Amino acid sequence: MRARYFYGWNVVGATFVMALFSFGLGFYGLSVYVATLQRLHGWSAAAVSAPVTVYYVAGALLTMVIGGVYERFGPRAVVAVGSLAMAVGLAALGLVTRPWQLYPVFLVMALGWGSMSGAAINIILAPWWERRRGLAVSIAFNGATLGGVIVTPMLIPLIAALGFPRALVTAGFGSFAIVIAVAVLVMRSGPHTRGLGPDGEPAVAARAASHVLGERRGRGDALRTWRFWSVSAPFALGLAAQVGVLTHLVVLVGPTLGAGGAARAVGVTTATALVGRLLTGVVVDRVNRRVVASATLVVQMLGLALLATAPSAAAVYAGCVLFGLGVGNLTTLPGLILAVEWPRERFAALVALAVGINQFTFAFGPSLVGIIRDQAGSYAVALGVCIALEAAAAAMILLGPRAPRRRRCAPS
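Under our numbering, the first residue of the sequence shown carries the number 40, and numbering increases by one thereafter.
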């Protein structure tokens, strides 16, 4: 007898599309905006990086409360408002003439980013999946990676063809039209809307209430344990370095590769992020996930070392490959580690908490890299600081408690 098709896969597809544009324009695309603003206006790296920090801080604060917003209004309404905010913010970004104008513009964009970033992916999919949640979330996050492979590199020729203002209007409202369509037509608040439970199983009454209570208890308990902080803190440091480098990547590699080569470097970095996530998925269930995380950070450090020296174009591309192999993993590994070290009922709450902490911390990465670059006169010193942050993270993640493997919160 053929198994009945589960509508949750449609929601995974819709979330994939949302992530494609939210990460392509709201995460990886920042490096293109920073480089273009510096080129057009002659502003310093620090002047354009500080508003990016505000953007990430605002997005992190929104992430910490976005679960309640989704619960009250549902994914269709929240994603629709978020995609509109991103489009309006991008249109306004193309019109700025003074550095201070970047702050209100990025705050508007932050509403879109916080509504459609990594926490949103988990929140939208959590009601639909339990046994196969890891697979569902992984597929959706591949949309985020492909956003950097497809959407972000397209911004550079689009800007060259249409100019900065018109290109951002086209990208912003084009993505809005697509995202709002899949949100309205496909997204639903949960399987109960179709008379089902998670994974397409029969609905179980009263489970949601106990799940919510478990989430509330889980946050407070987790914040008082080293087990949680030994996951959250290392990834916060690693992501601060990673986001700082990604934001400045186009400017960093531009002198060696040129504008076209810089676009290819962004594509190479994000393409290898997809490869890195797939390779990790093959081995992560067979080995200690903390060891995998530490090894990922070490590989990124090697890539940053190549980018810091940049003796040739080939070395720059090699650095982008090594650095990119860890880009996808640093966003997915925290959840995979939490999934085997904490009870199932606390998973959703702890993932949202970890994402919020990580986003708040990596918000300062772009400013850190920009300020160090301006003071030192080159990116080499800034990359050295990023290497130090990742080295600390690689060591710290191995210091977590060696707890017995619990029943997994979600398969991966």
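In this text, a Cβ means the ideal position worked out from N, Cα and C, and glycines have one as well.
Here the structure is a predicted model, which is why all the values come from computation and not from measurement.
Check	Outcome
Validate contact between the stretch 78–94 and the stretch 398–409 using beta carbons, cut 8 Å, 3 pairs	yes
Beta-carbon spacing of SER154, LEU285 below 7 Å	no
Local conformation of PRO241 per DSSP, three classes	strand
Identity of the residue in PHE60, VAL104, MET57, ALA53 nearest ALA393 by Cα	VAL104
Contact test: ALA149 Cβ vs the ligand GDP heavy atom, cutoff 6 Å	Ligands are entirely absent from the displayed structure, and the ligand GDP is therefore not among its contents.
Exposure label - PRO241; buried when at least 16 CB within 10 Å	exposed
One or two residues paired with LEU235 in a DSSP bridge	PRO241
Nearest candidate by alpha-carbon position, reference LEU146, set ALA97, ALA275, GLY106, THR295	ALA97
Coarse secondary structure for SER156, derived from DSSP in three states	coil
Buried versus exposed call for ARG385 [16 or more other C-beta atoms within 10 Å across all chains shown]	buried
Contained alpha helix (DSSP H) runs [length at least 4] in the stretch 301–362, N- to C-terminal order	328–348
Inter-residue Cα distance where the pair is TRP48 and ALA175	8 Å
Euclidean distance between Cα positions of GLY300 and GLY68	16 Å
Where LEU64 sits in the DSSP three-state scheme	helix
Three-state class that DSSP yields for VAL50 in the structure shown	helix
Inter-residue spacing [alpha-carbon to alpha-carbon] between LEU276 and ILE426	10 Å
CA-to-CA distance, GLY81 to GLN139, given in whole angstroms	The sequence given here has Trp at residue 139, not Gln. Straight-line Cα distance between these residues: approximately 14 Å.
Proximity to GLY315 [Cα-Cα], best of GLY363, ALA130, SER88	GLY363
CA-to-CA distance, MET125 to SER451, given in whole angstroms	Residue placement at SER451 is poorly supported in this model, since its pLDDT is 37, which falls under 50; the coordinates are not used for a value here.
Boundaries (first-last residue) of the alpha helix (DSSP H) holding TYR44	Run containing TYR44: none; DSSP gives neither H nor E here.
Contact set for ALA357: own chain, Cβ-Cβ below 8 Å, skip 5 residues either direction	GLY342, LEU345
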